[in-house]
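Below is one structure; the comments refer to it alone.
Numbering (the numbering used here), first residue to last: 3 to 265.
What follows is the structure, given as structure tokens:
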């Protein structure tokens, strides 16, 4: 195992999920400061690639700063940014009815997408604390009138300080069921987001590793993009859960603190 870990440590770049890998809610996970210090000390290319669409890169940077980690804003990329980029490429200056947090709304505005709750081109859904029955009714009505359904990511659940909570796909499912329309999911494991992440990282896929806590998004995304994959057990997935999947991560570790060489 030590020899295999040395091969992992030799990688030039690392793409890391955040929820369940770096933190739970506002609680930093064990070993994270040591891991980040190692990345910076060894001059590794690294990118925090999160399926969460709630916060902007600046907000994520400041969130980690409050936890004691100093990381530049350029090291963050979110499903909100990926969603905004995708829609702007499909239909420049589109309009949308948005079910989501400020991170998603801000990314859409910056991409030239305007808000519209009358006859939008798209209904776009991400994580939000203001999700309610009225937003479902509105979304269903607009989709039935011709709006297309986009979702920032396909995570059903996510880790929090309170335990496992519903995530984006769980919020989108009632809208899909009521309209008979399936959302297009932009975040991991969609290769659109992974290819953008690799470009931002500035290394080839065989020189990089994907670190995440989910088999159905992080690990499959890494495998399908040609990266070595590291499943950490600090988030949603247990070692027993791995047996439910036909594919395997290259490494299974308790957390990112296992990656730097131990003193």
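All C-beta atoms in this analysis are idealised placements derived from N, C-alpha and C, irrespective of residue type, glycine included.
*Would you list, in sequence order, the uninterrupted beta strand (DSSP E) runs of no fewer than 3 residues that lie entirely inside the stretch 182-223?*
210-214
*Identify which residue in 23, 44 and 27 has its Cα closest to the Cα of residue 34.*
The residue labelled residue 34 in the question sits at position 32 within the chain shown. Cα-wise, what sits closest to residue 34 is 23.
*Could you spell out the range, first to last residue, of the alpha helix (DSSP H) harbouring residue 102?*
As a working note, residue 102 is residue 100 in the chain shown. Neither: residue 102 is in no alpha helix (DSSP H) and is coded neither H nor E.
*Measure the CB-CB distance between residue 214 and residue 221 and report whether it falls below 9 Å.*
As a position in the chain shown, residue 214 is number 212, starting the count at 1. As a position in the chain shown, residue 221 is number 219, starting the count at 1. Taking 9 Å as the Cβ cut-off, residue 214 and residue 221 qualify as a contacting pair.
*Classify residue 258 as buried or exposed, calling it buried when 16 or more other Cβ atoms lie within 10 Å of its own Cβ.*
Here residue 258 refers to the residue found at position 256 of the chain shown. Residue 258 is buried by the Cβ-count criterion.
*Based on Cα-Cα distance, which residue from 155, 175 and 85 lies nearest to residue 141?*
Locating residue 141 in the chain shown gives position 139, where the first residue counts as 1. Nearest option by C-alpha distance: 175.
*Output the distance between the C-alpha atoms of residue 191 and residue 59, rounded to the nearest integer angstrom.*
Start at 1 with the first residue of the chain shown, and residue 191 comes out as number 189. Start at 1 with the first residue of the chain shown, and residue 59 comes out as number 57. If I take the Cα positions, the gap works out to 20 Å.
*beta strand (DSSP E) segment containing residue 11, residue limits*: In the chain shown, residue 11 corresponds to position 9, counting from 1. That residue, residue 11, is in no beta strand (DSSP E); its alpha helix (DSSP H) goes 4-11.
*Taking the alpha-carbon positions, what's the residue 123 to residue 41 distance?*
Here residue 123 is taken as the residue at index 121 of the chain shown, counted from 1. Here residue 41 is taken as the residue at index 39 of the chain shown, counted from 1. About 42 Å.
*For the alpha helix (DSSP H) containing residue 32, list its first residue and its last residue.*
Taking the first residue of the chain shown as position 1, residue 32 is located at position 30. Taken as a continuous stretch (DSSP letters only), residue 32 belongs to no alpha helix (DSSP H), as it is neither H nor E.
*Identify the continuous alpha helix (DSSP H) that holds residue 79 and give its terminal residues.*
Position 77 of the chain shown holds residue 79. That residue, residue 79, is in no alpha helix (DSSP H); its beta strand (DSSP E) goes 78-80.
*Pick out whichever of 144, 131 and 225 has its Cα sitting closest to the Cα of residue 173.*
Position 171 of the chain shown, counting from 1, holds the residue named residue 173. Nearest C-alpha to residue 173: 131.
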